[in-house]
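A.B. asks: Below you'll find the structure I mean.
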Amino acid sequence: ATGLPTRTEQSDLELALYSGHGDFPRIIYTPGGIQDLFYLTQRAFNLADKYQIPVFILTDEYLMDSYYNTAEFDLSKAKIKKYINKTKKNYQRYQLTKNGISDRGIPGWGEGLVLVDSDEHDEYGRITEDLNLRTKMVEKRLKKLEEIKKDEIAPELIGNQEYEILVVGWGSTYHIIKEALESLKENKVSFLHFKQVYPLPSIAENYLKKAKKVIVVENNATSQFSKLLKLFANTEVEHKILKYNGLPFYVDELIGELEKAI
């Protein structure tokens, strides 16, 4: 939502992270290129089904208008997984479970009656305003977060493992940052790219704490990803390179900004 329909920005991260009716888990993917778009879309459908949650894929005009030669897609890595179960008698659509995930049945397959409701509900799917049950259902949904973390995608580190300065990016800035750093040829500088920004991968904090300086590059005015890193990785970003005039970063432009920051 840039207010410039034919321009680009990375300004909807916080919208995807915080919008919703009440507290519930979610996954946010931020593809960096065409290969990511293909594989993350398939993964998003599978995990939305597996965990019964919304999965967001954040793109922008720059990425969606990009085109280039790419390797052939490996369809064996994009298999559709089914998470629908045949119901039994006394089926409970929202059964309280240890991991927060209830069996998902559909009407007409099995002996159970399938009741679903978007209001708060009991285990059978009937609307309820029972306060204790409400608490249990909220906690049930939040339990999924620990399971979701088992399917997290670690960020990609590009460059020297023994870095002093870490440039951080997410989504469509991938190729721009990568090319800029290749041109700079600074051995002490490495690049950490996130294609999953929430839940923030557990290894992220280790990468960030290792750096003497962290530089975040993103296409928005308030450095939304920096705020996410502070909240979930206890990392204060020292330097932010931001652009929010509706255009993507240019490689030469980014090289100049990185030279100042380094």
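If you count the sequence shown from 1, position 56 lands on 45 in the numbering used here, and the numbers rise without skipping. Quick reminder that beta carbons are idealized off the backbone N, C-alpha and C, glycines included. These figures come from a predicted structure and were not determined experimentally.
1) Is residue 47 closer than 8 Å to residue 2 when the C-beta atoms are compared?
2) Quick one: what's got a C-beta closer than 6 Å to residue 129's C-beta in the same chain, skipping five residues either side?
3) Applying the 10 Å Cβ sphere with the 16-neighbour rule, what's the burial state of residue 10?
4) Should residue 237 go down as buried or exposed, given a rule of 16 or more other Cβ atoms within 10 Å for buried?
5) With respect to the beta strand (DSSP E) encompassing residue 105, which residues constitute its N-terminal and C-terminal limits?
6) Consult DSSP for residue 93 and reduce its assignment to one of helix, strand or coil.
7) Beta-carbon separation of residue 155 and residue 181 under 8 Å?
8) Shortest alpha-carbon distance to residue 150 belongs to which of 137, 177, 66?
9) Alpha carbon to alpha carbon, what distance is there between residue 158 and residue 245?
10) Per DSSP, what kind of secondary structure is residue 187 in: helix, strand or coil?
11) Are there 16 or more other CB atoms within 10 angstroms of the CB of residue 107, so buried, or fewer, so exposed?
12) Taking C-alpha atoms, which residue in 136, 138, 168, 140 lies nearest to residue 147?
C.D. replies: With the given structure in hand:
1) yes
2) 85, 89
3) exposed
4) buried
5) Careful: residue 105 lies outside any beta strand (DSSP E) and carries neither H nor E.
6) strand
7) yes
8) 177
9) 17 Å
10) strand
11) exposed
12) 168
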